[in-house]
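For the protein sequence lines, the chains are P and C, in the order given. Residue 1 is where the first sequence starts when you use my numbering, and the numbers rise one by one after that. Residue 1 is where the second sequence starts when you use my numbering, and the numbers rise one by one after that. Think of the CB as a built atom: it goes at the ideal place given N, C-alpha and C, for glycine as much as any other residue. See structure below.
Protein chains: 2
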Amino acid sequence: MGGDFGPRNIVQASIACLSATPSLHLTLVGQPSLLEDLLSGLSAADRARLQIVAASEVVGMDEKPSQALRGKPDSSMRVALELVRDGKAHACVSAGNTGALMALSRFVLKTLPGIDRPAMVAAIPTQAGYCQLLDLGANVDCTAQNLVEFAVMGSVAAQALGVNRPRVALLNIGTEDIKGNQQVKLAATLLQNARGLNYVGFVEGDGLYRGEADVVVCDGFVGNILLKSSEGLALMIAARIEKLFKGGVMSRLAGAVAMPLLKRLQADLAPARHNGASFLGLQGIVVKSHGSAGVQGLQSAIQRALIEIQENLPQRLHGRLEDLLP
Amino acid sequence: MGGDFGPRNIVQASIACLSATPSLHLTLVGQPSLLEDLLSGLSAADRARLQIVAASEVVGMDEKPSQALRGKPDSSMRVALELVRDGKAHACVSAGNTGALMALSRFVLKTLPGIDRPAMVAAIPTQAGYCQLLDLGANVDCTAQNLVEFAVMGSVAAQALGVNRPRVALLNIGTEDIKGNQQVKLAATLLQNARGLNYVGFVEGDGLYRGEADVVVCDGFVGNILLKSSEGLALMIAARIEKLFKGGVMSRLAGAVAMPLLKRLQADLAPARHNGASFLGLQGIVVKSHGSAGVQGLQSAIQRALIEIQENLPQRLHGRLEDLLP
Numbered sequence: 001m002g003g004d005f006g007p008r009n010i011v012q013a014s015i016a017c018l019s020a021t022p023s024l025h026l027t028l029v030g031q032p033s034l035l036e037d038l039l040s041g042l043s044a045a046d047r048a049r050l051q052i053v054a055a056s057e058v059v060g061m062d063e064k065p066s067q068a069l070r071g072k073p074d075s076s077m078r079v080a081l082e083l084v085r086d087g088k089a090h091a092c093v094s095a096g097n098t099g100a101l102m103a104l105s106r107f108v109l110k111t112l113p114g115i116d117r118p119a120m121v122a123a124i125p126t127q128a129g130y131c132q133l134l135d136l137g138a139n140v141d142c143t144a145q146n147l148v149e150f151a152v153m154g155s156v157a158a159q160a161l162g163v164n165r166p167r168v169a170l171l172n173i174g175t176e177d178i179k180g181n182q183q184v185k186l187a188a189t190l191l192q193n194a195r196g197l198n199y200v201g202f203v204e205g206d207g208l209y210r211g212e213a214d215v216v217v218c219d220g221f222v223g224n225i226l227l228k229s230s231e232g233l234a235l236m237i238a239a240r241i242e243k244l245f246k247g248g249v250m251s252r253l254a255g256a257v258a259m260p261l262l263k264r265l266q267a268d269l270a271p272a273r274h275n276g277a278s279f280l281g282l283q284g285i286v287v288k289s290h291g292s293a294g295v296q297g298l299q300s301a302i303q304r305a306l307i308e309i310q311e312n313l314p315q316r317l318h319g320r321l322e323d324l325l326p
Numbered sequence: 001m002g003g004d005f006g007p008r009n010i011v012q013a014s015i016a017c018l019s020a021t022p023s024l025h026l027t028l029v030g031q032p033s034l035l036e037d038l039l040s041g042l043s044a045a046d047r048a049r050l051q052i053v054a055a056s057e058v059v060g061m062d063e064k065p066s067q068a069l070r071g072k073p074d075s076s077m078r079v080a081l082e083l084v085r086d087g088k089a090h091a092c093v094s095a096g097n098t099g100a101l102m103a104l105s106r107f108v109l110k111t112l113p114g115i116d117r118p119a120m121v122a123a124i125p126t127q128a129g130y131c132q133l134l135d136l137g138a139n140v141d142c143t144a145q146n147l148v149e150f151a152v153m154g155s156v157a158a159q160a161l162g163v164n165r166p167r168v169a170l171l172n173i174g175t176e177d178i179k180g181n182q183q184v185k186l187a188a189t190l191l192q193n194a195r196g197l198n199y200v201g202f203v204e205g206d207g208l209y210r211g212e213a214d215v216v217v218c219d220g221f222v223g224n225i226l227l228k229s230s231e232g233l234a235l236m237i238a239a240r241i242e243k244l245f246k247g248g249v250m251s252r253l254a255g256a257v258a259m260p261l262l263k264r265l266q267a268d269l270a271p272a273r274h275n276g277a278s279f280l281g282l283q284g285i286v287v288k289s290h291g292s293a294g295v296q297g298l299q300s301a302i303q304r305a306l307i308e309i310q311e312n313l314p315q316r317l318h319g320r321l322e323d324l325l326p
């Protein structure tokens with residue numbers, strides 16, 4: 001029921017995913033009459049793999065997490081998470097209020113043993129491939145210990161995605177030991193002593209895009225600013241190039257060559273909007289799609305949830321945490 | 001004497017500036033014999049407008065600010081700032097250790113009345129023109145009051161650069177009131193009540209590049225990460241497009257059209273490296289060039305100092321602070 005456009009895009013994405021993935025079963029949680037109306041185009045065969053679970057309340061996009069937690073026992077977000085907790089669903093996908101989703105996820109699903117606060121992670125494109133950046137906004141203020149946990153979780157997630165001995169770095173404003181705030185400096189000391197982790201030190205903002213690490217760790221304030229400013233910059237560059245390419249015949253030819261690449265790059269640079277971001281560290285799978293995600297973005301988020309189900313990500317994390325946490 | 005390349009690039013930039021600006025007088029501060037060697041190519045006429053002041057010590061790029069402050073009374077950085085303090089120079093330009101330059105600037109020049117901590121500011125390109133982003137790394141941890149001071153200083157600087165009623169925003173991870181860390185939320189409350197300031201609320205990372213504000217305020221950790229990740233992303237996009245344009249005849253034609261724009265955009269997106277960043281809030285002008293700045297970047301930093309001298313920036317700031325600070 002959440003997100004900037006309510007259930008409309010979510011239902012459309014659900015319909016598309018059901019038809020693309022015959023083994024998929026989906027449960028929509030929300031106001032049944034509203035959802036039924038939006039489902040009118042669905043074939044009977046696909047409709048059989050979709051159920052609706054009623055939830056009478058909706059968490060607003062600017063509602064305080066504490067309000068969603070205490071004041072709305074029957075919100076669609078909460079009911080969806082309870083389905084995961086009770087084994088009635090393998091994963092929860094939401095485009096709703098990030099802070100509320102995190103608070104409710106922690107309360108309903110609980111964190112894995114050894115994890116204080118779950119983190120939000122997404123893959124960011126670099127000159128060398130991708131890096132897993134976390135946290136992306138779920139945890140605004142972080143202790144050094146939180147950052148260490150993010151490092152461990154990011155490392156395990158990167159391994160699950162096929163990276164061998166992922167290089168883990170702390171995002172900082174310099175690479176020398178004396179640089180950074182207290183949390184980052186202390187986290188560096190802790191990570192240097194962490195067993196079984198390929199910690200490679202500090203990485204700066206430009207180093208991230210040069211591909212100096214496979215996992216880049218920061219607090220949620222910094223990660224969110226980095227992610228959104230990157231989106232904004234990619235859009236600005238595309239807009240400037242587009243304008244340039246409207247100049248003359250030659251420019252239009254150049255534009256025809258460059259535009260598809262730029263569009264792909266833009267999508268790549270807005271992972272939360274386009275591909276979904278994962279909550280790591282919970283006893284269950286939760287994928288957050290951007291509040292303003294389009295149908296395709298929501299489809300990607302559902303697909304990401306499917307991959308994490310196949311990879312058994314929470315169980316993998318659980319298995320590795322005891323070895324890795326200092 | 002500082003910067004990643006020592007005095008070589010600085011001397012070359014000085015020579016270029018002297019020949020380009022006949023009214024300019026420059027003082028190089030450092031080890032005289034080393035500097036004299038590098039000046040061998042200078043004409044006698046230009047040499048007459050350049051003097052060397054001896055300083056026996058050099059602040060290292062990874063030295064702690066406290067060390068530079070207490071342990072090196074005769075560093076080139078400190079002596080240069082003392083020339084400004086004593087009225088023997090109108091501005092100090094350095095490519096050295098940022099933290100040390102800030103600590104020494106505060107100690108030697110003192111802050112303007114009402115300013116707790118000076119900030120580092122540079123102009124960032126946006127879809128609508130430019131915005132002044134501060135702080136860029138001089139202040140890693142900031143209180144709400146620090147952020148308010150940055151807002152006031154950024155507003156005055158933008159006005160000095162010709163922006164009428166500059167729109168001032170706080171960088172945040174959402175635009176709703178409940179978003180952000182404690183400092184940002186408290187700063188918002190203070191700014192809403194600040195007289196004579198055109199405070200427009202929160203701006204997100206993407207909003208910055210959409211041009212939603214003329215002045216964007218954040219702590220130095222966040223600002224530095226944003227600045228450097230933007231540099232890195234612009235480089236990555238340029239590299240990808242360059243690769244694409246090497247494909248065939250048509251692509252190479254397109255590349256010839258697109259490349260000059262991309263190069264200009266890259267330079268634009270690395271203001272600290274290319275144009276110099278200013279310290280605001282001091283009783284004197286200090287311009288910081290990037291440690292790895294090339295000759296052209298250092299020339300721009302010297303030119304930026306010239307503009308600030310012409311605009312009388314510290315005096316302008318001083319005059320406006322009493323009216324603007326809450």
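Check: At least 3 beta-carbon pairs within less than 8 Å: the stretch 6 to 24 of chain C vs the stretch 31 to 45 of chain P; Outcome: no
Check: Extent of the continuous beta strand (DSSP E) to which residue 30 of chain P belongs; Outcome: 26 to 30
Check: Contact list for residue 126 of chain C against chain P, beta-carbon separation under 8 Å; Outcome: 236
Check: Neighbourhood of residue 154 of chain C by C-beta, 7 Å cutoff - its chain only, sequence neighbours within 5 removed; Outcome: 121, 132, 134, 168, 215, 217
Check: Alpha-carbon to alpha-carbon, residue 258 of chain P and residue 188 of chain P; Outcome: 41 Å
Check: Secondary structure, beta strand (DSSP E): runs of 3+ residues fully inside the stretch 188 to 259 of chain P; Outcome: 199 to 203, 215 to 217
Check: Chain P contact residues for residue 181 of chain C, given Cβ-Cβ distances below 7 Å; Outcome: 140, 141, 221
Check: Cutoff 8 Å: residue 251 of chain P Cβ touching any chain C Cβ; Outcome: yes
Check: Pairwise C-alpha distance: residue 240 of chain P and residue 303 of chain C; Outcome: 27 Å
Check: Contiguous beta strand (DSSP E) assignments of at least 3 residues, all confined to the stretch 78 to 131 of chain C; Outcome: 91 to 94, 119 to 126
Check: The stretch 10 to 29 of chain P in contact with the stretch 309 to 320 of chain P per 3-pair CB rule at 8 Å; Outcome: no
Check: Residue(s) in a DSSP beta bridge with residue 279 of chain C; Outcome: C:120, C:286
Check: Bounding residues of the alpha helix (DSSP H) (the contiguous stretch that carries residue 13 of chain C); Outcome: 7 to 20
Check: Test item: CB-CB of residue 85 of chain C and residue 284 of chain C under 8 Å; Outcome: yes
Check: Nearest-angstrom beta carbon gap, residue 46 of chain P and residue 19 of chain P [assumed within contact, 8 Å]; Outcome: 6 Å
Check: Three-pair Cβ contact test at 8 Å for the stretch 201 to 213 of chain P versus the stretch 225 to 234 of chain C; Outcome: yes
Check: Residue from P:299, P:319, P:235, P:317 whose Cα sits closest to the Cα of residue 13 of chain P; Outcome: P:299
Check: Contact set between residue 103 of chain C and chain P, taken where Cβ atoms lie within less than 7 Å; Outcome: Correct list: empty, because the minimum Cβ distance to chain P is about 12 Å.
Check: Residues that residue 176 of chain C contacts on chain P, provided the C-beta gap is smaller than 7 Å; Outcome: 62
Check: Where the alpha helix (DSSP H) containing residue 178 of chain P begins and where it ends; Outcome: That residue, residue 178 of chain P, is in no alpha helix (DSSP H); it is neither H nor E in DSSP.
Check: Cβ-based contacts, 7 Å cut-off: residues of the stretch 48 to 60 of chain C near chain P; Outcome: none
Check: Under 8 Å from the C-beta of residue 110 of chain C: neighbouring residues of chain P; Outcome: Result: empty, since nearest Cβ-Cβ is about 25 Å, beyond 8 Å.
Check: First through last residue of the beta strand (DSSP E) which encompasses residue 52 of chain P; Outcome: 50 to 54
Check: Inter-residue CB distance, residue 219 of chain P and residue 141 of chain P (contact presumed, cutoff 8 Å); Outcome: 7 Å
Check: Beta carbon proximity, residue 130 of chain P to chain C, threshold 8 Å; Outcome: no
Check: Closest residue to residue 279 of chain C among C:110, C:145, C:71 (Cα-Cα distance); Outcome: C:110
Check: Spatial neighbours of residue 327 of chain C in its chain, beta-carbon cut-off 7 Å, leaving aside the 5 residues before and after; Outcome: Any answer about residue 327 of chain C is impossible in this case: the structure gives chain C only from 1 up to 326.
Check: Inter-residue spacing [alpha-carbon to alpha-carbon] between residue 35 of chain C and residue 89 of chain C; Outcome: 19 Å
Check: Residue of C:127, C:112, C:293 minimising C-alpha distance to residue 236 of chain P; Outcome: C:127
Check: Neighbouring residues, chain C, relative to residue 88 of chain P (Cβ below 8 Å); Outcome: Here the premise fails: no neighbours, minimum Cβ distance about 32 Å.
Check: Host beta strand (DSSP E) of residue 152 of chain P (start-end); Outcome: Counting along the chain, residue 152 of chain P falls outside any beta strand (DSSP E), though it belongs to the alpha helix (DSSP H) covering 144 to 160.
Check: CB of residue 170 of chain P within 8 Å of CB of residue 224 of chain P, strictly; Outcome: no
Check: Residues that DSSP places opposite residue 308 of chain P in a beta bridge; Outcome: For residue 308 of chain P, which the question treats as bridged, DSSP gives no partner whatsoever.
Check: Supposed contact pair residue 58 of chain C and residue 75 of chain C - C-beta distance, whole angstroms, cut 8 Å; Outcome: 6 Å
Check: Coil, strand or helix - residue 33 of chain C by DSSP; Outcome: helix
Check: CB of residue 321 of chain P within 8 Å of CB of residue 152 of chain P, strictly; Outcome: yes
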